[in-house]
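In this note's numbering, the protein residues as written are 101 to 521. Glycine included, every Cβ here is placed at the ideal spot set by N, Cα and C.
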Ligand code: AMP
Ligand code: GLY
């Protein structure tokens with residue numbers, strides 16, 4: 101089969117390498133991919149927001165299946181567009197993608213189907229928002245409704261910060277805003293919980309814990325993710341069942357009531373409080389870097405799983421996992437998430453020989469004249485699967501030291517809650 105992967109991050113490189121293990125895969129194309137995907141696949145430089153150009157390439161080269169990594173094309177309806185052109189594509193359609201594309205859509209669903217989540221209010225203008233903020237206990241959380249590349253969430257310590265957040269959102273910092281969300285601040289431990297669905301049935305697809313803040317000790321501004329590990333330390337059968345019963349099942353039921361069938365990965369960002377799950381947000385895709393840490397644990401053929409989803413046959417496909425611990429540490433460009441330089445050469449990559457269960461997934465990299473250069477804030481993902489998290493992390497540090505990239509920095513405390521020092 102000829103496969104196309106839409107996206108260019110570490111998540112897409114991990115998907116690419118996992119698919120490449122399948123005997124049924126004849127060729128992989130990445131749109132546009134990165135220096136890592138370019139080693140096993142053909143990178144095609146197409147703007148992933150230009151659905152027509154993408155469709156023309158897919159038709160011309162007779163691709164059999166398309167996998168969409170990032171949220172933006174999903175929320176903009178890439179699945180509807182390609183499906184209408186008789187192309188098989190793994191991912192949720194535009195309506196289903198509202199779960200990530202509109203936080204207010206999700207909150208309303210939670211309300212209608214009693215899905216546990218932070219108490220919230222929806223506000224249509226500055227005056228009403230400020231009136232409400234005067235009555236609140238702090239901290240409080242202010243959120244833009246639409247996609248904001250992880251930046252539209254403000255945790256506000258006081259009235260002053262909250263009004264600043266509300267002003268920024270209504271002034272269009274994240275695009276035109278007709279409504280905002282103000283919600284209760286939940287205190288607990290976060291967990292990323294994944295399922296995969298074919299529209300009729302779903303299966304669990306692992307758990308992880310990511311580290312979003314840029315500095316050690318989980319401090320500083322939010323990033324796309326500085327590292328992750330799987331499974332989450334909170335995972336247990338009882339909690340899993342609660343998550344399915346209280347959160348996943350009513351969500352899929354609620355969608356179905358609106359004639360929406362969810363096909364693809366669904367990522368529930370949860371807060372666990374006293375062993376009970378609360379939904380913080382949905383993403384309609386795999387997490388990045390969660391994907392990079394989860395996929396190396398997969399025993400089954402990923403292509404079979406994706407294909408069974410687009411043919412509504414997931415129920416008869418087994419998903420088996422290695423019972424190991426996996427960790428991902430992200431090597432970033434100095435200055436990220438603020439200003440950083442691109443186009444810095446990364447030497448030594450070819451000097452690193454990886455053993456079984458050791459991976460380097462590329463994120464922001466590009467190749468030029470057989471040399472590799474940085475091309476983004478998050479540059480490389482180092483992943484190791486082993487019997488315990490400490491072994492994985494120690495090995496990762498050795499590999500990063502060996503690489504010795506002068507423009508890089510990384511967090512040395514990924515997994516601090518699961519590793520005793
Ligand atoms: P989101 O993009 O909605 O996942 O929010 C980004 C991050 O903000 C989450 O991963 C949480 O760490 C934090 N967050 C969002 N909503 C809440 C909430 N209601 N209570 C506490 N923390 C929150
Ligand atoms: N790791 C967070 C995300 O993918 O949204």
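Residues sharing a beta bridge with residue i, DSSP
i	result
residue 310	328
residue 421	398
residue 126	In DSSP, residue 126 forms no bridge with anything.
residue 368	293 and 382
residue 322	313
residue 281	222 and 243
residue 256	240
residue 105	130 and 167
residue 508	433
residue 373	376
residue 183	According to DSSP, residue 183 bridges with nothing at all.
residue 465	474
residue 528	Residue 528 is absent from the structure shown; the chain starts at 101 and stops at 521.
residue 426	330 and 485
residue 190	167
residue 359	Residue 359 is not bridged to any residue.
Alpha-carbon spacing of residue i relative to residue j, whole angstroms
i	j	result
residue 371	residue 458	30 Å
residue 181	residue 151	7 Å
residue 519	residue 489	7 Å
residue 441	residue 470	20 Å
residue 292	residue 217	15 Å
residue 137	residue 409	24 Å
residue 334	residue 342	13 Å
residue 240	residue 274	19 Å
residue 415	residue 481	32 Å
residue 115	residue 487	23 Å
residue 346	residue 215	6 Å
residue 378	residue 159	43 Å
residue 406	residue 369	22 Å
residue 201	residue 189	19 Å
residue 262	residue 452	48 Å
residue 305	residue 399	12 Å
residue 171	residue 232	32 Å
residue 445	residue 474	6 Å
residue 177	residue 166	14 Å
residue 401	residue 238	48 Å
residue 112	residue 259	41 Å
residue 491	residue 424	11 Å
residue 443	residue 104	26 Å
residue 184	residue 421	34 Å
residue 187	residue 164	7 Å
residue 450	residue 247	37 Å
beta-carbon residue i near ligand 1 non-hydrogen atom, thresh 7 Å
i	result
residue 369	yes
residue 92	Given that the chain is displayed from residue 101 to residue 521, the structure contains no residue 92 and the question cannot be resolved.
residue 353	no
residue 286	yes
residue 218	yes
residue 317	no
residue 312	yes
residue 246	no
residue 280	no
residue 290	yes
residue 283	yes
residue 250	yes
residue 573	Because the chain in this structure spans residues 101 to 521, residue 573 falls outside the shown range and cannot be described.
residue 175	no
residue 253	yes
residue 242	no
For residue i, the three-state DSSP class (helix, strand or coil)
i	result
residue 304	strand
residue 248	coil
residue 516	coil
residue 493	helix
residue 459	strand
residue 274	coil
residue 445	strand
residue 486	strand
residue 298	strand
residue 481	strand
residue 267	helix
residue 229	helix
residue 350	helix
residue 335	coil
residue 208	helix
residue 143	strand
residue 387	coil
residue 203	helix
Would you list the residues whose beta-carbon is nearer than 6 Å to any heavy atom of ligand 2, in the order they occur in the chain?
-> 310, 325, 383, 387, 388 and 390
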